[in-house]
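Note sheet for the following structure.
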Amino acid sequence: MRRLGTPEDLGQAVLYFVSPASSWVTGQILSVDGGM
Numbered sequence: 218m219r220r221l222g223t224p225e226d227l228g229q230a231v232l233y234f235v236s237p238a239s240s241w242v243t244g245q246i247l248s249v250d251g252g253m
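Here the sequence shown is numbered in the working numbering, starting from 218 and rising by one per residue.
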């Protein structure tokens with residue numbers, strides 16, 4: 218993508234992991250690397 222990531226790039230994933238919708242998700246690692 219050739220650009221630096223921003224907080225907004227990560228925001229929606231973070232909101233999911235802290236919401237009740239992710240209550241059955243355990244032991245996952247969110248790799249923030251822009252697909253590299």
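Note that the Cβ used here is the ideal one computed from N, Cα and C, for glycine as well. If you're wondering where the values come from, they're calculated on a predicted model, not measured in any experiment.
Quiz item: When the Cα of Ile-246 is compared with those of Val-231, Pro-237, Ser-236 and Gly-222, which residue comes out closest?
Solution: Val-231
Quiz prompt | Nearest-angstrom Cβ-Cβ length linking Gly-251 and Gly-228, presumed shorter than 8 Å | solution = Between Gly-228 and Gly-251 the Cβ distance is about 15 Å, and since that is not below 8 Å, they are no contact.
Quiz item: What are the start and end residues of the alpha helix (DSSP H) that includes Pro-237?
Solution: Segment: none, Pro-237 is in no alpha helix (DSSP H) and carries neither H nor E.
Quiz prompt | Cα-Cα separation between Arg-219 and Ser-236, rounded to whole angstroms | solution = 31 Å
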